[in-house]
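FYI, the numbering for the sequence shown is -16 to -1, 1 to 392, going by mature numbering (1 follows the signal peptide of the UniProt record, and there is no 0).
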Amino acid sequence: MFLSIIFFVLITHVGSVMPGELKPKNIFLLAGQSNMAGRGGVYNDTKTNLLKWDGKVPPQCTPTPNILALSLNKTWEIAREPLHKEIDNLKTCGVGPGMPFSNQILAKCPNFGVIGLVPCAIGGTKIERWQKGTNLYNQLVDRARAARQSSGGNIRALLWYQGESDCDERDSRLYKGRLEKFFNNVRQDLDSPELPILMIVVSTGEGKFLRSVRDAQLNINLKNVVRVDSMGSTYLPGHLHLDTKSAGQRSTLDLIAKEFLSIYMVPCLNGSQGLPGTLRKAHLLPKGALFSHQRLVPEASSSCLVWHGSTPKGHLVVSPRQQEPIYKWHSSPSKAYGKERQPHVTCEIAGRDLRGETGSFLSLTISRGGGKDPRAKPPKQPPRALSGGLAPGGSSNRDIGGSFDPPH
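Dropping the structure here:
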């Protein structure tokens, strides 16, 4: 009884957090049709012949003050299932991908910051209904702008799960062009030409041309589009909607969260690693980048490499671009050295600090001069950008990297 009272008090407290107390800095737009709106746990009540939600919330969908949702009247609230009940209000909503995706991000990246979800999905909608000028498109852009303005945060990505209703002959043939046009228009109207698109590739459809829609999604010709296949998911009776297990617990959401963190530079430092400071700014990296460099404050001499791939073998060679004036570096676990006019760092990292998990990092510290190297000089400022590559012999063979803010 006592534990039940404590649980009730905790849940009441979570629900009573005022919208102004927390503002999301990382905004994700949720758009598409029924599987994005959420149908997990929806069943047909045989007594009333009405669709109802069973009310079961999996652990991955537990409410937390670190995940907010934009309500119908554009205020921030603690996110809770069903996320789309106000938006897709003509249908019965259940568990969807938004909450488990967000919890996966926070689990992998504890210092990511407060997440703001913007529900916009409507069940049974074709891609034609999402074209610029339609009610659905206007609502998406309007809610995205309102979310950004009210929070001061950044729109990190659009999560898109749609296509089941376009599996007839005509719509499937036109699908690719319509989808690309939709994505381009959203990016343009949100002033975000490189907005990441996290697309779940459909595995069910209302017609005979599912393969055509899947091919269109898998072969879309746009940059910064992450595709994660839902094939192999489990479904409700009718084989169209994901059940609670797939919507809230399947590896699809784990994979799409991992893909997002592995491709784009995001604040992904684990405080238990002991690096001081917090990120000043995060920069997007092009798809395929192996690592990113992030600046930390207030410790002006601290920085880190965030690894985005599998455990490297050989040497990681890091060098400032345009021979910027850094002459002495220290790193852990291996020593680093600098050369006048061509400073660089060589780190023996195979099988040591980096374990192949997205978000693990190697500590690097800029020295303010001194040290054993007689050529070391006090740097004027940290480099504005780094490039580097993996090479078995320790020589750079690929230009990859990111940028960070110099100290004021």
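Where a beta carbon is used, it is the ideal one built from N, C-alpha and C, also for glycine.
Continuous alpha helix (DSSP H) stretch holding ASN57: start and end: Note, ASN57: premise wrong, no alpha helix (DSSP H); not H, not E.
Reduced DSSP secondary structure (H/G/I, E/B, other) of residue 397: Residue 397 falls outside the range modelled here, since the chain spans only -16 to 392, and no answer is possible.
Nearest to PHE167 (by Cα), restricted to the options ASN205, GLN133 and LYS58: ASN205
Those runs of the alpha helix (DSSP H) which lie wholly inside the region 150 to 183 and span at least 4 residues: 153 to 173
Own chain, CB closer than 6 Å to ILE51, minus 5 neighbours either side, in chain order: ALA63, SER86 and ILE99
Beta-carbon contacts of SER55 that lie in its chain and below 7 Å, excluding the five residues immediately before and after: GLU61 and GLU70
Cβ shell of ARG125 (< 8 Å), same chain only, five flanking positions each side left out: In the sequence under discussion, the amino acid at residue 125 is Val, which differs from the Arg named in the question. For VAL125, where only same-chain residues beyond five positions count, the Cβ hits under 8 Å are VAL170, ASP173 and LEU174.
CA nearest to the CA of ALA53, picked from PRO66, PRO43 and GLN44: PRO66
Beta-carbon spacing of LEU237, GLN133 below 8 Å: no
Same chain, Cβ closer than 6 Å to LEU194, neighbours up to 5 away in sequence not counted: CYS151
Cβ neighbours of VAL197 in the same chain (closer than 7 Å, five flanking residues each side left out): GLY147, ASP150, CYS151, SER156, TYR159, VAL186 and GLY189
ILE11 versus ILE184: straight-line alpha-carbon distance, rounded: 18 Å
N-terminal and C-terminal residue of the alpha helix (DSSP H) that PRO103 is part of: Not the alpha helix (DSSP H): PRO103 falls in the beta strand (DSSP E), residues 99 to 103.
Euclidean distance between Cα positions of ARG113 and TYR121: 8 Å
Option in THR32, GLN115 and PRO103 with minimal Cα separation from ARG162: GLN115
Coarse secondary structure for PHE96, derived from DSSP in three states: coil
Host alpha helix (DSSP H) of LEU194 (start-end): 194 to 202
Residue from LEU34, VAL26 and LYS92 with nearest C-alpha to ALA241: LYS92
Outcome for PRO43 when other beta-carbon atoms lying within 10 angstroms are tallied against a minimum of 16: exposed
Through-space distance from ARG129 to THR30, alpha-carbon basis: 42 Å
For VAL210: DSSP bridge partner residues: LEU182
Test item: CB-CB of VAL41 and LEU35 under 8 Å: no
Backbone secondary structure at ASP238 - three-state DSSP: helix
Residues bridged to LEU52 (per DSSP): ILE62 and GLY100
Beta-carbon spacing of GLY108, SER18 below 8 Å: yes
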